[in-house]
Each structure stands twice: as structure tokens, then as C-alpha cells.
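The sequence shown runs 1 to 189 under the UniProt record's numbering. Quick reminder that beta carbons are idealized off the backbone N, C-alpha and C, glycines included.
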Amino acid sequence: MKYYILFGPPGAGKGTQAKQIVEKYHYLHLSTGDLLRQEMAAGTELGKKAAELINRGDLVPDEVVEGMIRNKIASNRDVAGFLFDGFPRTIAQAEALDAMLTEFGGKVDAVLSLTLPDELVYERILHRAQIEGRKDDTDRSIIENRIATYHDKTEPLITYYKGHGNYREIEGNDTIENVFAALCGILDE
Ligand code: AP5
Ligand code: MG
């Protein structure tokens, strides 16, 4: 069982690339953002609580996303692997994931990190706002908060995973096709 993390700032192309990767390699795509948006759409208690935080551009509590990921890993033991998208996002989540995978007899096989400068994050997200209508995409100050949260809470994971020796960086400011080719190059090694 393989476990890969697709890492990067908001708008880096994680979701776009994840769709293509799982089609080719038959991994299960686990996006905590997508799972939370499903809860919001269904109007569950969890979804209502998450909506307040997400629509401000803040993170939801670690325990919430850790629980979601654990349930998905535990209930899908017959897949070729997992592709995490948007998780982990804090050092605490990364530590929880390591502990979880040890329990399931696995480990993080690689962190695939898409890079993108902040100016391009705005450009891409404001463009997507017109297509998908995500509430956290529409307001410049919310995007600003998502970027600041990324630098503050999520970027430290780069040092964390470099220390584990399985961190790979991919230039995100390229065509969708070129980024996909670079990712496949790593996955095929
Ligand atoms: P989440 O849904 O994970 O959002 P995000 O990290 O902000 O990332 P995005 O989905 O915005 O970007 P992406 O990298 O997937 O880019 P995409 O492929 O769509 O999280 C949302 C919220 O949920 C968080 O803010 C938080 O509140 C909460 N949350 C989620 N996970 C959490 C966790 N683990 N802990 C706590 N809270 C959590 O591409 C973006 C746009 O660019 C698209 O329009 C696309 O078509 C375009 N594009 C993609 N690639 C290219 C390219 N190569 N060239 C040109 N355009 C491109
Ligand atoms: Mg996404």
C-alpha cells in the first residue's frame, strides 16, 4: 500500500493533478477540503462548524481532519494506495499521520510538493472563483488569510519532511501537462 502526499499552497494545482494521478495509478484521492465541503453541502453539524472557519480562510481543528482521514484509511484497505491532498497541514497533523500509518503498517512514501509564488496563487484562485463559486475563493482578504495561514502553519512541514528524506519539489508554475509529467516521473521511479 502506497501513501503519497500532494503538498502545496492554495491554488498550486493539487486538486487538478490529483484527479489525473488517481486515474492513472488507481490510488484513492483523499482531499480534506473536498470532504469538508461535502459535509457543508449536506448541512451536517460538522459542516456548519467547518463552514465558519473555511469561509474565513482559517484551518479547521486538527482532530476533525485526522478523524476523517483515519476513517477513510480504515475503510479502504483494498486500494493500491492513497493520495492525500490538503492533508497534513500542520506539524501536529503530520505527526498524527505518521502514527496512523505505522498502525496500518505503512509510511509516507513521498511528499510531492508543488511550488507557486503568492502572486500566482491570487491569480489562479480568483480565476477559479468565477468557475466553481467556492466562497473562500471570492474575497481577496480571505485568500490573503489562506496564504498567511499556509506560510505560518503549513510551510514548516517542508522542513519536517525534508528531515524524513522523502520530500520532492515540483515547479507548479508550468502547464498542467508538464506538472503531471514531472509528478509521473517521480511516481514511476
Ligand atoms: P482546500 O480545499 O484544501 O484548499 P487549498 O489548500 O486552499 O487548495 P485549493 O483547493 O484552493 O487549491 P489546489 O491546490 O487544489 O488547486 P487547484 O487544482 O484547484 O482547503 C480549503 C479549506 O478547508 C482550508 O482553507 C481549511 O479551512 C480547510 N481544510 C482543508 N484541509 C484541512 C486540513 N488538513 N486541516 C485543517 N483545515 C483544512 O487549482 C486552482 C486553479 O488553478 C484551478 O482553477 C485550476 O484549473 C487552475 N490550475 C491548476 N493547475 C494549473 C496550471 N498548471 N496552470 C494554470 N492553471 C492551473
Ligand atoms: Mg484543492
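- Counting along the chain, E171 sits inside no alpha helix (DSSP H); it lies in the beta strand (DSSP E) bounded by residues Y167 to E171.
- The beta carbon of E169 sits closer than 7 Å to those of S113 and T115, all from its chain and outside the five residues before and after it, given in chain order.
- For T32, there is no enclosing beta strand (DSSP E); the residue is part of the alpha helix (DSSP H) that begins and ends at T32 to A42.
- Collapsing the DSSP output to three states places F82 in a strand.
- Rounded to whole angstroms, the separation of the alpha carbons of A182 and N173 is 12 Å.
- Using a Cβ distance threshold of 9 Å, G81 and L28 count as a contacting pair.
- Within 10 angstroms of the beta-carbon of E155 lie fewer than 16 other beta-carbons, which makes it exposed.
- About 35 Å separates the beta carbons of N55 and K107, which is beyond the 8 Å limit, so they are not a contact pair.
- For A96, the closest C-alpha among the options D85, V65 and L83 is that of V65.
- Between the alpha carbons of I21 and E177 lies a distance of about 12 Å.
- The residue from A94, T32 and H151 with its alpha-carbon nearest to that of G163 is A94.
- Using a Cβ distance threshold of 9 Å, T138 and G57 do not count as a contacting pair.
- Annotation for L112: the continuous beta strand (DSSP E) segment containing it runs A110 to T115.
- In this structure, I125 lies near I143, with their beta-carbon atoms less than 9 Å apart.
- The nearest non-hydrogen atom of the ligand MG is 8 Å or more from the C-beta of S113.
- If you draw a straight line from the Cα of H26 to the Cα of K2, it is about 11 Å long.
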